[in-house]
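> Got a structure for you, questions after.
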Amino acid sequence: MANKKLNKKEGFTIIEVVLVLAIAGLIFLMVFVALPALQRSQRDTQRRDDMARLATAITTYQTNNNNKLPSNWGDFIGKYLTVNGDTFTDPSGPNYSITSGEAANSHNADNPASKDLTNFEAGKVYVWTNAKCNDEDVIYSQGSRDYAIYFKMEGGGAYCNDNS
Numbered sequence: 073m074a075n076k077k078l079n080k081k082e083g084f085t086i087i088e089v090v091l092v093l094a095i096a097g098l099i100f101l102m103v104f105v106a107l108p109a110l111q112r113s114q115r116d117t118q119r120r121d122d123m124a125r126l127a128t129a130i131t132t133y134q135t136n137n138n139n140k141l142p143s144n145w146g147d148f149i150g151k152y153l154t155v156n157g158d159t160f161t162d163p164s165g166p167n168y169s170i171t172s173g174e175a176a177n178s179h180n181a182d183n184p185a186s187k188d189l190t191n192f193e194a195g196k197v198y199v200w201t202n203a204k205c206n207d208e209d210v211i212y213s214q215g216s217r218d219y220a221i222y223f224k225m226e227g228g229g230a231y232c233n234d235n236s
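Listed below in structure tokens is the structure:
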């Protein structure tokens, strides 16, 4: 009987080792798949915050300039959005590009309601006067101070912010 105890070796079986490696591989795979989606979501959250900052800056500009939108977005960004070392850049790296238009009426070519917003470029910020948001769409508005900011999100969909 004492002889049997001496021959017994301690350690893990091959099945136990393979099982632990398989579980570790699954955990690694889940993290590897989830991490890019999490990073994309964080960048989209930063973009929403940036668009809210832009909306506040535009409202301030309108208050100081007879309800007009800026004509030179570069100067506007420098004066209203990059103060105290702040930057107004996309979280993925490049500077935001701002394009403006006026939605004078529902038949105007610059009216966002007459365009297919899904074809707009990612990374570009669109700002319209006489416009409001309707979920992820931009619609015509009769308010002289109304404007809408539209931006396509990296994770899918779009973000629309207005001043109403």
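The opening position of the sequence shown corresponds to residue 73 in my numbering, with each subsequent residue numbered one higher.
Glycine is no exception: its CB is placed at the ideal position from the N, C-alpha and C atoms.
By the three-class DSSP mapping on this structure, what secondary structure does Y222 have?
Strand, per DSSP.
> Compute the Euclidean distance between the alpha carbons of N156 and C205, then round it to the nearest angstrom.
Going from the Cα of N156 to the Cα of C205 covers about 31 Å.
> Excluding five sequence neighbours on each side, which residues of the same chain lie with their C-beta closer than 7 Å to the C-beta of S236?
Around S236: K204 and D218.
> Would you give the residue range spanned by the alpha helix (DSSP H) that N87 belongs to?
Note that residue 87 is Ile in the sequence shown, not Asn. Run containing I87: I86 to N136, per the alpha helix (DSSP H) assignment.
> Quick one: is A71 buried, meaning 16 or more other Cβ sit within 10 Å of its Cβ, or exposed?
For the chain, the structure presents residues 73 to 236; residue 71 sits outside this window and is missing.
> Determine contact between the segment 194-202 and the segment 81-93, defined as no fewer than three beta-carbon pairs at a distance below 8 Å.
No: fewer than three Cβ pairs fall under 8 Å.
> With distance defined between alpha-carbon atoms, name the residue in Q134, I99 and S113 nearest to E226.
Of the candidates Q134, I99 and S113, the one whose C-alpha sits nearest the C-alpha of E226 is S113.
> I need the boundaries of the alpha helix (DSSP H) containing D147, first residue and last residue.
Segment W145 to F148, the alpha helix (DSSP H) holding D147.
> Taking the alpha-carbon positions, what's the S213 to G165 distance?
The alpha-carbon atoms of S213 and G165 are separated by roughly 34 Å.
> Considering only DSSP beta bridges, list what K196 is partnered with.
DSSP, once it has assigned bridges, lists S169 as partnering K196.
> From the DSSP secondary-structure annotation, give me the bridge partner or partners of K204.
BP columns for K204 point to I211.
> Taking the alpha-carbon positions, what's the V90 to M102 distance?
Straight-line Cα distance between these residues: approximately 18 Å.
> Hey, quick one: how far does the beta strand (DSSP E) through Y152 stretch, first residue to last?
Taken as a continuous stretch (DSSP letters only), Y152 belongs to no beta strand (DSSP E), as it is neither H nor E.
> Between the alpha carbons of S169 and V105, how many angstroms are there, rounded?
Going from the Cα of S169 to the Cα of V105 covers about 31 Å.
> With H, G and I counted as helix, E and B as strand and the rest as coil, what does DSSP make of D162?
Three-state result, D162: coil.
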